[in-house]
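Residue numbers (the numbering used here): -2 to 99.
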């Protein structure tokens, strides 16, 4: 018989719960566009309507490995987000602002 996750979680030690929470948070910080869209509760059709595109265009966009920054920005903003581009170096990070007015 399947157990509820809440029952399994309550049986875990505090360090184990903390590790699971850390893993969940790390997973949520990195995901492909299609997973981000689903996590935001949007279908490809809903996103296409927001962007005034056809659904196949969204499917194609989500499979791309290279796209214009303006295309990615539009995609993110249609989901209610804001795109920030950050360069990370061993001695620190820098937010790139060239693209903020696109």
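Quick reminder that beta carbons are idealized off the backbone N, C-alpha and C, glycines included.
When C-alpha distances from residue 66 are compared across 37, 84 and 96, the shortest belongs to 96.
The three-state reading of DSSP puts residue 92 in strand, counting E and B together. Cβ contact annotation for residue 77 (same chain, cutoff 8 Å, sequence separation greater than five): 37, in chain order.
Residue burial annotation: residue 34 is buried, with at least 16 other C-beta atoms found within 10 angstroms of its C-beta. Counting only residues of its own chain and dropping the five nearest sequence neighbours on each side, residue 23 has no CB closer than 8 Å to any other CB.
Per DSSP, reduced to three states, the secondary structure at residue 19 is helical.
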